[in-house]
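Residues in the sequence shown are numbered from 2 upward in steps of one, following the working numbering. Heads up, the beta-carbon is just placed ideally off N, CA and C, and yes, glycines get one too. Bear in mind the structure is a predicted one, so any value in this text is a computation, not a measurement. To keep things clear, I will list the structure first and then write my remarks on it.
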Amino acid sequence: MLLAIALGMLVGLVMGLTGAGGGIIAVPLLMFGLGLPLVDASPIGLLAVALAAGAGALSGLRLGLVRYRAALLVASAGMVSSPFGLWLARRLDLRFLSLIFAGVLLWVAYRNVMAGRPDAAPARSAAVPCVRDAATGRFIWTSPCATRLTLAGCVAGVLSGLLGVGGGFVMVPALQRYTDLAMQSVVRTSLAVIALISLSGVAAAFTGGHLAAATALPFGLGATAGMLAGGKLSGRLPGAVLKTGFGAICAVVAAGMAWRALA
């Protein structure tokens, strides 16, 4: 139990320091730290990500950083697609699923290392489909805006159910690319989306009898505590250093998962 709490705190700390995508290391930590197979670790990781992301999103709501209408739209799409990912995870070969996870981790590692470079180009293009009204601060909803955010939610939902990840590594780049939100608002809105999508995946796993509550609860509570601590520390460390460091961690974990799958 103590080990589960400690590992959960590490996940939450990384989420708080690096933003919404840090939850992707939850499942590998459960696999390597507690010896769980991927299909059993995935719903536990989802619960931890849901609790930690929920804590970050509530903090963002109090600060007025969460665009809750956009979050509800994206999360609704993710909730619809998440059960499909969970269904698919139960039918794929475990080694193949682990290799998919390793590939996703490598992609996240590459994006973070590139974003941490001093000469990194901004992720947002000159013209974005989702623009806020200058007077109200709310999005001016158009068909291109709603379509792109809905598709991003669907992708995040499938990956959430398939791999037990929150989908922050999808949502943060999507919100950066398709909206005019500042980075703080991007992260907090993404946390709200992740919390809602992850909770739907947890509910599906629980009703299917695939959630080990004895491990999930201490791991999730540890992640929540770590998220709150990481959020307070994040402003004190350079963003480029955090991104590069997180990318390096993802690369090492990816190599470990690939070796474990192929060995």
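Buried/exposed call for residue i, threshold 16 Cβ in 10 Å
| i | result |
| --- | --- |
| Ala-254 | Contrary to the premise, residue 254 reads as Val rather than Ala in this sequence. It is buried - the Cβ of Val-254 has at least 16 other Cβ atoms within 10 Å. |
| Ala-51 | buried |
| Arg-149 | buried |
| Met-2 | exposed |
| Ser-191 | buried |
| Asp-134 | exposed |
| Thr-143 | exposed |
Nearest residue (CA-CA) to residue i, options the options
| i | options | result |
| --- | --- | --- |
| Gly-227 | Cys-146, Pro-38, Ala-54 | Ala-54 |
| Val-171 | His-211, Leu-160, Arg-68 | Leu-160 |
| Ala-78 | Ala-153, Pro-174, Arg-189, Val-187 | Ala-153 |
| Ala-27 | Val-156, Val-242, Gly-221 | Gly-221 |
| Val-12 | Leu-74, Phe-247, Trp-108 | Phe-247 |
| Phe-85 | Ala-103, Lys-244, Ala-196, Gly-162 | Gly-162 |
| Ala-7 | Val-40, Gly-223, Ile-250, Ala-249 | Gly-223 |
| Cys-155 | Gly-138, Thr-137, Ala-175 | Ala-175 |
For residue i, three-class secondary structure by DSSP
| i | result |
| --- | --- |
| Thr-180 | strand |
| Arg-133 | strand |
Contact test: residue i Cβ vs the ligand HEM heavy atom, cutoff 6 Å
| i | result |
| --- | --- |
| Leu-98 | Because no ligand of any kind appears in the structure shown, any question about the ligand HEM cannot be addressed here. |
CB-CB length for residue i against residue j, believed under 8 Å
| i | j | result |
| --- | --- | --- |
| Ile-45 | Val-166 | No, Ile-45 and Val-166 are not in contact; Cβ-Cβ is about 12 Å, not under 8 Å. |
| Met-80 | Ser-235 | About 28 Å separates the two Cβ atoms, so there is no contact after all. |
| Val-129 | Thr-180 | 6 Å |
| Ala-71 | Phe-140 | 6 Å |
| Ser-186 | Arg-68 | 7 Å |
| Val-194 | Val-15 | The pair is not a contact, with the Cβ atoms about 18 Å apart (cut-off 8 Å). |
Beta carbon proximity, residue i to chain C, threshold 7 Å
| i | result |
| --- | --- |
| Val-75 | No chain C appears in the structure shown, which is made up of a single protein chain. |
(message) I want to know whether the stretch 51-60 touches the stretch 31-42 - three or more CB-CB distances under 8 Å.
(response) At 8 Å Cβ cutoff, the stretches do not touch.
(message) Check whether the stretch 242-261 and the stretch 84-91 are in contact - that is, three or more C-beta pairs closer than 8 Å.
(response) Flag = no, the stretch 242-261 and the stretch 84-91 do not touch.
(request) Evaluate the contact criterion for the stretch 204-218 versus the stretch 102-117: three or more CB pairs, one atom per stretch, below 8 Å. (result) No: the two stretches stay apart, fewer than three of their Cβ pairs being nearer than 8 Å.
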